[in-house]
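Below is one structure, written out as structure tokens; comments come after it.
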Amino acid sequence: MPEPVPAAKPEGEAPEEPVGEELPPADGEPGSTELTGLFVEKPPENVVAFTGSDITFVAKVDSSTLTRKPAMKWLKGKWMDLGSKAGKHFQFKETYDRNTKIYTYEMKIIKVVPGDAGGYRCEVTAKDKCDSSTFEISVEAAQQEEKEDILSAFKRADAGEDEGDLDFSALLKKPEKEEPDIDVWELLKNAHPSEYEKIAFKYGITDLRGMLKRLKKMKVEPKHSEAFLKKLESCYSVEKGKKIVLRCEVVDPDVQVKWLKNGQEIKPSAKYVMEANGNVRTLTINKTTLDKCFTEVFVKEPPVTITKLMDDYHVVVGERVEFEIEVSEEGAHVIMEILKDDVRSHDMKYRFKKDGKKHMLIIQEATLDDIGMYHAWTNGGHTKGELEVEEKQLEVLQDIADLTVKATDQAVFKCEVSDDKVTGKWFKDGVEVLPSDRIKMTHVGRFHRLIIDNVKPEDAGDYTFIPDGYALSLSAKLNFLEIKIDYVPRQEPPKIHLDTTGNMVSQNTIIVVAGNKLRLDVEITGEPAPTVVWSKGDKPITETEGRIRVESRKDLSSFVIEGAERDDEGNYTICVTNPAGEDKAVLFIKIVDVPDPPEHVKCTSVGEDCATIVWEAPKFDGGAPVKGYLMERKKKGSSRWTKLNFDVYPSTTYEAKRMIEGILYEMRVFAVNSIGMSQPSLNSKPFMPIAPTSEPTRLTVHDVTDSTCSLKWLAPERIGAGGLDGYVIEYCKEGATEWVVANQELCERQGFVVRGLPVGEKINFRVVAVNVAGRSPPALLSQPVTIREIVEHPKIRLPRELRTKYIRRVGEKINLVVPFQGKPRPVASWYKDGQPIDPKMVNVRNSNVDTILFIRSAEREHSGKYELVLQIENLEDRATIEIRVVEKPGPPVNVRVTDVWGFNAALEWEPPKDDGNCEVTGYTIQKADMKTKEWFTVYEHNRRTNCTASDLIMGNEYMFRVYSENLCGLSEEPRLSKNTAVIAKTGLELKANPYKEKDMNCMPKFTQPLVDRSVVAGYSTAISCSVRGFPKPKIIWMKNRMIIGEDPKYLMQNNQGVLTLNIRKPSTFDGGKYSCMAVNELGQDEVECKLDVRVATDLDKK
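With full-length UniProt numbering as the guide, the letters of the sequence shown map in order to residues 1 to 1102.
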């Protein structure tokens, strides 16, 4: 087993080398401490240094497995970094060996002083690795090298330098030592009681009883004079900025009182107002002196409240989310947590930020996994916000444009979307377009192109691009322009060729979405070329530029409306004429738009976390039926709206859920038709989700009379943010359905007496809690109550302390409260020794439930047996109370010395004539030398009427006195002995035995072994043994033959040889063989035991 590390040598005896190298290893032990972790070599665990010497500690670290240079810290105690104290006293050195890749760190302490003693630690860190080693330094005084010449003490005082005769007579004289003046009583006051006998023997104190009595009186602090009737409280608590009034009462109303703060007198001012009203003295703040009482004032900081609540967020994937709250104080402690599916999340992706009173939780890129409820707590408030994340919507950056091309030309349809990873398909008139030699489809970044080379007439039609995975389509029309060359001039009547496909829902109706562009291309034939006239109603349209215009080409007339509006709706006529004839067509253009916003949004009812919202449909539906509505809500004062539904809601009544009780909300509604979504409605008036409380609990009947019933109950388990305004009590007869309200106003107490009830009827009762949200569910009694006075036998409930003899001292107050029960109200009567009590001596007060016997100042004549009689008509109950009023006894009688022999004296006396109305429990005997007349206690609590005083001093004359003692204490006066005891001198000689010094050294030996134990896992346990040995042995605890060391799970204690190993909450892995070894320079000893740790069973848990 390892031995204790030997102490370091002084600087003068050995060369200055590292301590770990100059210490020789013990038997069977390696030269350095056992190593673990990063250290190759550690400083020794225990080192002894001498005052004034230098000492060096060395630690080596292997860096072959490290990615960066390790950092070393030398620490003293737990936190003191010695690197900041580098200088003349502490010196640090660092070297590196490139071959072995070992760093060597040295700490040198120059001229060790006693203050350097203590625990030290060297700690090395390298990125994610860390290791430490602890060691302890003990500092001892330096040894004196100069030795006194013992022979010089024996030279004759009158001898010259050359005379060498020695005088050994000095050995026969007792050396005189100069002893400092020591106050023995001060030494005893500061010593432990176990040291009293040792100190008394050392300083020649023989009367131990007298010494202890005097010491007890010395330790009692003198009582302050009772100048105050009522003192200040020990401490006060007041909120910051509030006023505090301190009151005390003095005995003398005319006395001058000073108020002090921190020992300095307070002067009256606007801040400190002092008042005197009779015996009462008041001050806004602090302390008094003279016959002083004092107090402390603690100012309690107001709780940190949340001034800006957390908003709800509705974002798409990838957006940044920043939950922000604002608190009332800077530097406040705020806890933010994420609750997903009622489970707390602590993901590292969340970042927290503080800016003054603002606290933020930031999510850089939101994902669907971040959906949940986010909470923030302070010591005075709580808020939460909900995060909803939806998939990112695809945006169209460039739509497809209509094309009109000629034969053999190239047609290119191009569109741009927001996501470059989105693919899609092209369709012509609902049929997918497949690539060929003439048709090509490209996808480059966000651009999608459809290229048609050598356009043919069959290529004309509607082309649509549909992105994969999105409910979105982009459409455009390809118009084929065919050029015909007529070589033979001829006349042909004009003809209008209308295309009934596309936007035409019938031959004469075209539907256009408001804001979109309408381009109506009409093919016209006729020879010669006809004249085209467009008109709306009777008004012709001749503009060739502007929002509404007409474009003409050969054989084609185009009518264009840019950004269609509701006013553009109507009948449009195209008329073509030439010399050969005329043709006309009438078209109806219908403009459809998003609907108007809904109207009159309001909240009709609220619940604990929900609210019902209603609104009216929009007056204008945009020309298309309203499909439904979308709802949004926000907290009042916030600017962030949260969507409540993603699918269109068809009804005009909606119940919003998952709201926070006690928070004001606002709502708005959007109308949706086939064209799109309307503008939002006006915000609803703010509303607050509040629920009624739960029903009152534990409704019981307290009392019943012929016309009343007393009910009691407890508050509801859940009250909520709406608070509790009061209770309504209702009753009805059994079998009836009409409930009658018993209280006209709300009852705020949790009890009520219902009056005016019919005698003998069976009545049902119920109690309802009321707050701003309405009535709670009722609390009902399990069965009806019969309204009739209950006759209950009288019963005295005598308290436990009154069932035995009740003892009080003379002058004390007697106040006996005896509860009873019985209906109707019983009559209570008191008797003393069989006679009615005298009301002038004893006061009696009776109530419905108890009777009180009161004596302001007890006298011995108040002693006796008191009987309480409780009567209801011819029924009664009785109880007897014995009261004894006691006082201190008188002194004993006839104290005398009956015999004296050797150093002893026999005393006898008789009991006192007045025992104080109480049994005499003992006597206190004291003695005094006739010379000094100082009294010392011989015996205390002596029960007999005689005693023997021993250990009297020869040649002295003693007198004695005796006190009587009972329950109240010692008698006021003692009784002196009639005669004295004289201890005669004798011719005895004292022969002292030769002193033989005892050798205290011994090898360690366990006087109490370890005992096998079986303990329950999870409950801390301890194993103990005891050992003796000198010098004090080193104790080593082991588990399964492995040294436990400084494992924080184990606590090792050594109290005067009693060894204890505390194991904190052991598990099944902590079982095994535990052994304790004691080692000193004379040998070693060892004991062991087996510890069995079992899993806790249900029986163990009980």
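All C-beta atoms, glycine included, are put in the ideal place defined by N, C-alpha and C. Bear in mind that the values here come from a model prediction, so they are computed numbers and not experimental data.
**OP:** Could you check what DSSP says for Pro24 in three-state terms: helix, strand or coil?
**Re:** In the sequence shown, the residue the question calls residue 24 occupies position 24. Here the model assigns Pro24 a pLDDT of 37, short of 50, so the residue's position is not dependable, and the following value carries that caveat. Here Pro24 sits in coil by DSSP.
Original post:
Can you find a heavy atom of the ligand ADP that lies under 7 Å from the Cβ of Ala671?
Top reply: Of ligands this structure carries none, so the ligand ADP is not represented either.
**OP:** Using a threshold of 8 Å, state whether the C-beta atoms of Asn479 and Thr408 are closer than that.
**Re:** Taking the sequence shown and counting its residues from 1, one reaches residue 479 at position 479. Taking the sequence shown and counting its residues from 1, one reaches residue 408 at position 408. No.
Subject >> Proximal residues to Glu543 (C-beta, below 8 Å), its chain only, five neighbours per side dropped >> reply: Here residue 543 refers to the residue found at position 543 when the sequence shown is read from its first residue. Same-chain partners within the cutoff: Arg549, Val550.
Subject >> Residue burial classification, Tyr96 (beta-carbon count within 10 angstroms, cutoff 16) >> reply: Locating residue 96 in the sequence shown gives position 96, where the first residue counts as 1. Looking at its Cβ environment, which holds fewer than 16 other Cβ atoms inside 10 Å, Tyr96 is exposed.
Original post:
For the alpha helix (DSSP H) that Trp185 lies in, which residues bound it at each end?
Top reply: Walking along the sequence shown from the start, residue 185 turns up at place 185. Segment 184-190, the alpha helix (DSSP H) holding Trp185.
Original post:
How about Pro892 and Pro911: are their beta carbons less than 8 Å apart?
Top reply: Looking up residue 892 in the sequence shown gives position 892. Looking up residue 911 in the sequence shown gives position 911. Going by C-beta atoms, Pro892 is nearer than 8 Å to Pro911.
Original post:
What are the boundary residues of the alpha helix (DSSP H) that includes Ala200?
Top reply: To locate residue 200, count along the sequence shown from 1; it is residue 200. It spans 196-202 - the alpha helix (DSSP H) in which Ala200 sits, taken as one unbroken run.
Original post:
Considering only the beta carbon of each residue, do Pro824 and Glu789 sit closer than 8 Å?
Top reply: The sequence position of residue 824 within the sequence shown is 824, counting from 1. The sequence position of residue 789 within the sequence shown is 789, counting from 1. Their beta carbons are under 8 Å apart, which means Pro824 touches Glu789 by this criterion.
Original post:
Where do the ends of the beta strand (DSSP E) carrying Ile790 lie?
Top reply: Stepping through the sequence shown from its first residue, residue 790 is reached at position 790. Run containing Ile790: none; DSSP gives neither H nor E here.
Original post:
Is the beta carbon of Lys913 less than 8 Å from the beta carbon of Ser971?
Top reply: In the sequence shown, counting from the first residue as 1, residue 913 sits at position 913. In the sequence shown, counting from the first residue as 1, residue 971 sits at position 971. No; because the gap between Cβ atoms is not below 8 Å, this pair is not in contact.
Original post:
Would Tyr923 be called buried (16 or more neighbouring beta carbons within 10 Å of its own) or exposed?
Top reply: Within the sequence shown, the letter at position 923 stands for residue 923. Tyr923 should be labelled buried.
Subject >> Spatial neighbours of Pro1033 in its chain, beta-carbon cut-off 7 Å, leaving aside the 5 residues before and after >> reply: Here residue 1033 corresponds to residue number 1033 of the sequence shown, with the count starting at 1. Pro1004, Val1027, Ala1078, Val1079, Asn1080.
Original post:
Are there 16 or more other CB atoms within 10 angstroms of the CB of Gln364, so buried, or fewer, so exposed?
Top reply: For the purposes of this step, residue 364 is identified with residue 364 of the sequence shown, where counting begins at 1. Under this definition Gln364 is an exposed residue.
Original post:
Roughly how many angstroms separate the alpha carbons of Ala580 and Ala564, rounded to a whole number?
Top reply: In the sequence shown, residue 580 corresponds to position 580, counting from 1. In the sequence shown, residue 564 corresponds to position 564, counting from 1. Distance between the alpha carbons of Ala580 and Ala564 is about 36 Å.
Original post:
From Asp419 to Thr383, what distance separates their C-alpha atoms?
Top reply: Within the sequence shown, numbered from 1, the residue matching residue 419 stands at position 419. Within the sequence shown, numbered from 1, the residue matching residue 383 stands at position 383. Looking at the two C-alpha atoms, the distance is approximately 37 Å.
Subject >> Beta-carbon spacing of Ile55, Val112 below 8 Å >> reply: One-based indexing of the sequence shown puts residue 55 at position 55. One-based indexing of the sequence shown puts residue 112 at position 112. In this structure, Val112 lies closer than 8 Å to Ile55 by Cβ.
Subject >> Contact the stretch 829-837 vs the stretch 783-802: 3+ CB pairs below 8 Å >> reply: no
Original post:
What residue range is occupied by the uninterrupted beta strand (DSSP E) comprising Trp901?
Top reply: As a first step, residue 901 must be located in the sequence shown, where it is residue number 901. 893-901 is the span of the beta strand (DSSP E), which, as asked, contains Trp901.
Original post:
Roughly how many whole angstroms lie between the Cα atoms of Trp713 and Pro696?
Top reply: As a working mapping, residue 713 is identified with position 713 in the sequence shown. As a working mapping, residue 696 is identified with position 696 in the sequence shown. Answer to the nearest angstrom: the Cα atoms are 7 Å apart.
**OP:** Would you tell me roughly how many angstroms separate the C-alpha atoms of Met1052 and Asn1040, rounded to the nearest one?
**Re:** Start at 1 with the first residue of the sequence shown, and residue 1052 comes out as number 1052. Start at 1 with the first residue of the sequence shown, and residue 1040 comes out as number 1040. Each residue's alpha carbon lies about 17 Å from the other.
Original post:
In whole angstroms, what separates the C-alpha of Met80 from that of Ser132?
Top reply: Stepping through the sequence shown from its first residue, residue 80 is reached at position 80. Stepping through the sequence shown from its first residue, residue 132 is reached at position 132. Taking the straight line from one Cα to the other gives about 15 Å.
Original post:
So, helix, strand or coil for Pro114, using DSSP?
Top reply: Along the sequence shown, one-based indexing puts residue 114 at 114. Correct three-state label for Pro114: helix.
**OP:** Return the chain-ordered list of same chain residues with a C-beta closer than 8 Å to the C-beta of Ala191, the five sequence neighbours on each side being excluded.
**Re:** Your numbering for residue 191 matches position 191 in the sequence shown. Correct list, in chain order: Ile199.
Original post:
Run through DSSP, which three-state label would Phe646 get?
Top reply: Indexing the sequence shown from 1 puts residue 646 at position 646. Coil at Phe646, not helix or strand.
Original post:
Per the contact definition of three or more C-beta pairs closer than 8 Å, is the stretch 621-630 in contact with the stretch 665-675?
Top reply: yes
**OP:** Report the option in Phe820, Val827, Leu868 whose CA atom is closest to the CA atom of residue 1127.
**Re:** This structure gives no information on residue 1127, because the portion of the chain shown stretches from 1 to 1102.
**OP:** Going by DSSP, name the residue or residues bridged to Arg808.
**Re:** Reading the sequence shown from its first residue, position 808 is the one you call residue 808. DSSP, once it has assigned bridges, lists Val885 as partnering Arg808.
Original post:
How would you write the range of the beta strand (DSSP E) that Arg553 sits in, first residue to last?
Top reply: Residue numbering aside, residue 553 sits at position 553 when the sequence shown is read from its first letter. Where Arg553 is concerned, the enclosing beta strand (DSSP E) stretches over 548-553.
**OP:** Starting from the C-beta of Val405, find all residues in its chain whose C-beta is less than 8 Å away, skip the five residues before and the five after it, and write them out in chain order.
**Re:** Within the sequence shown, residue 405 is the residue found at index 405, counting from 1. Here the set comprises Ala411, Val455, Leu478, Asn479, Phe480, Leu481.
Original post:
Between Glu29 and Val61, what straight-line distance do the alpha-carbon atoms span, to the nearest angstrom?
Top reply: Residue mapping note: residue 29 aligns to position 29 of the sequence shown, counting from 1. Residue mapping note: residue 61 aligns to position 61 of the sequence shown, counting from 1. Confidence is the limiting factor: at Glu29 the pLDDT is only 38, short of 50, which leaves the residue's position unreliable, though a coordinate-based value still follows. Taking the straight line from one Cα to the other gives about 22 Å.
**OP:** Output yes or no for whether 8 Å exceeds the beta carbon distance between Thr134 and Glu1046.
**Re:** Position 134 of the sequence shown, counted from the start, is the residue given in the question as residue 134. Position 1046 of the sequence shown, counted from the start, is the residue given in the question as residue 1046. It is a contact, given that the beta carbons lie within the stated cut-off.
**OP:** Note the first and the last residue of the continuous beta strand (DSSP E) segment covering Ile763.
**Re:** The residue labelled residue 763 in the question sits at position 763 within the sequence shown. Here the beta strand (DSSP E) through Ile763 covers 762-771.
Original post:
Arg156 by DSSP, collapsed to three states: which one?
Top reply: By 1-based counting over the sequence shown, the position of residue 156 is 156. Legend: pLDDT at Arg156 = 46, less than 50; position of this residue unreliable, value from coordinates given subsequently. Arg156 falls in the coil class under three-state DSSP.
Original post:
Out of curiosity, what's the CA-to-CA distance linking Gly822 and Ile796?
Top reply: To locate residue 822, count along the sequence shown from 1; it is residue 822. To locate residue 796, count along the sequence shown from 1; it is residue 796. Answer to the nearest angstrom: the Cα atoms are 9 Å apart.
Subject >> Cut-off 8 Å between Cβ atoms - residues of its own chain near Arg320, not counting five sequence neighbours on either side >> reply: Position 320 of the sequence shown holds residue 320. Here the set comprises Ile362, Ile363, Gln364, Glu365, Ala366.
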